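Note sheet for the following structure.
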């Protein structure tokens, strides 16, 4: 492989905060980024070379994007794998991760079937096409999480079902979409591994512990507050998952740790992941730089941890949507070891991800202290007027 600078142009389907941070990481490598997004002046547009305005499944827009770049990737699962496959052939533009991988991950049932057939540990689940299927699942498992097979994220499209009386309301909640029912897992903590598949090399970042509230990620603590044995098991499972995925890039692998120390795969994201934002300050190479390197076929960077790190999401603390103006930023900027990331969204909505902060410690800092500090700094920020 020969790498020369300036580098190639990378096309990204999606121009949200992930596209923005990907463009920020690509720029020092001499890589220009063109994004496709339906939102005018999307969050990535100030740092990308250009934006193609269009829906993620807009054939004309995807063709225009492919005609302007050397390699294609995506930062959102709403990308259309059939269109990506089409432009890959027509323009001879590599697409990573592969459209087949995106197609598999987009359907939660197919994703779980693929993992189960490979012998990867997963929670028990059943296909749900109608009320009778859901009734059978509740009777078999007791309580289940009903998940729409496609389209859900941040808990959307998911609803718990704890009794037969809740079946009709649950199906109504997901719009009677094709679904799956997964048994509730009695987990100790949720953890995740950010894995990277490069050109004949595979790496993984240290295990992170994820703290959720109302199905939305609030903080990620690295290293995870668990045993060495569980950490090693999670790493092994993550590598087994990566073996099942085709195409280069970063993958977010969400896991459950059970009371017995077992690791079960929850879901996979074929892109940089919210639980990997800590890597920007906390790792030697960020997940975003790794994704750019990987999809281009360049050598990967180190995934080593710099120091104990906690990232915390800045969410919309409003009751209704309005123009975004974040206050209290000066207190965060004045704190040693704390970094601020703003996603450039012009409108704040209830619990919308608007940014994140990262707190980095040293060898003497406990993760519990870092977590408390990160929470204090996030609490000092507000969109209240």
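Residue numbers (the numbering used here): 81 to 465.
Positions of the beta carbon are idealized from the N, C-alpha and C atoms, including for glycine.
Remember, it's a predicted structure, so these values are computed and weren't measured experimentally.
Per DSSP, the bridge partner or partners of residue 131: 115
When you compare only the Cα positions, how much space is there between residue 224 and residue 240? 6 Å
Residue 377 and residue 238: beta carbons closer than 8 Å? no
Can you tell me whether residue 411 is buried or exposed, with buried defined as 16 or more other CB within 10 angstroms of its CB? exposed
Assuming residue 114 and residue 167 form a contact by the criterion Cβ under 8 Å, report the distance between their Cβ atoms to the nearest whole angstrom. Actually they are not in contact, since the Cβ atoms of residue 114 and residue 167 sit about 13 Å apart, beyond 8 Å.
Report all residues from its chain with a CB closer than 7 Å to the CB of residue 399; omit the five preceding and five following residues, and keep chain order. 430
Run through DSSP, which three-state label would residue 438 get? strand
With 16 as the cutoff for other CB atoms within 10 Å, does residue 465 come out buried or exposed? exposed
Hey, would you say residue 478 sits closer than 8 Å to residue 404, going by beta carbons? Beyond the ends of the chain as shown, which are 81 and 465, falls residue 478; an answer cannot be given.
Taking DSSP's pairing of strands, which residues face residue 260 in a bridge? 207, 227
Between the segment 320-331 and the segment 373-388, are three or more C-beta pairs nearer than 8 Å? yes
Beta bridge counterpart(s) of residue 175 as assigned by DSSP: 152
Take every Cβ of the segment 202-221, pair it with every Cβ of the segment 256-273, and state whether three or more of those distances are shorter than 8 Å. yes
Along the beta strand (DSSP E) that carries residue 421, what are the first and last residues, could you check? 418-422
Determine whether the beta carbon atoms of residue 189 and residue 91 lie at a separation below 8 Å. no
Thinking residue 361 and residue 401 are a contact (beta carbons under 8 Å), I'd like their distance in whole angstroms, please. Not a contact, Cβ separation roughly 30 Å.
What residue from 442, 406, 394 has the CA that sits closest to residue 456's CA? 394
So for residue 461, helix, strand or coil by DSSP? coil
Of the residues 293, 335, 294, which one's Cα is nearest the Cα of residue 313? 335
Which residues mark the beginning and the end of the beta strand (DSSP E) in which residue 336 is found? 329-338
Close-in-space but distant-in-sequence residues of the same chain around residue 177 (CB under 6 Å, 5 per side omitted): 327, 329, 350
Answer yes or no: do residue 436 and residue 392 have a C-beta to C-beta separation smaller than 8 Å? yes
Among all the DSSP beta bridges, which residues are the ones paired with residue 349? 332
Name the one or two DSSP bridge partners that residue 363 has. 385
Quick check on residue 95: buried or exposed, where buried means 16 or more other Cβ atoms within 10 Å of its Cβ? buried
Compare the C-alpha of residue 333 against each of 340, 306, 356 and name the closest. 356
Following the continuous alpha helix (DSSP H) through residue 277, name the residue where it begins and the one where it ends. Element bounds for residue 277: not the alpha helix (DSSP H) but the beta strand (DSSP E), 267-277.
Tell me which residue opens and which closes the alpha helix (DSSP H) that residue 200 is part of. Looking at the DSSP string, residue 200 is not in any alpha helix (DSSP H), and its letter there is neither H nor E.
Indicate the three-state DSSP secondary structure (helix, strand or coil) for residue 108 in the structure shown. helix
Grab me the residues of residue 137's own chain with a C-beta within less than 6 Å of its C-beta, minus the 5 sequence neighbours each way, in chain order. 160
What do you reckon, are the CB atoms on residue 27 and residue 273 nearer than 8 Å? Beyond the ends of the chain as shown, which are 81 and 465, falls residue 27; an answer cannot be given.
Whose C-alpha, out of 219, 102, 254, 445, is nearest the C-alpha of residue 245? 219
Does DSSP classify residue 83 as helix, strand or coil? coil
List the whole-angstrom C-beta distance separating residue 306 from residue 283, where the pair is believed to meet the contact cut-off of C-beta under 8 Å. With a Cβ gap of about 21 Å, residue 306 and residue 283 do not count as contacting.
By the DSSP assignment, the alpha helix (DSSP H) with residue 254 in it spans what residues? First-last for residue 254: undefined, no H or E at that position.
State buried or exposed for residue 82, treating a residue as buried only when at least 16 other CB atoms are found within 10 Å of its CB. exposed
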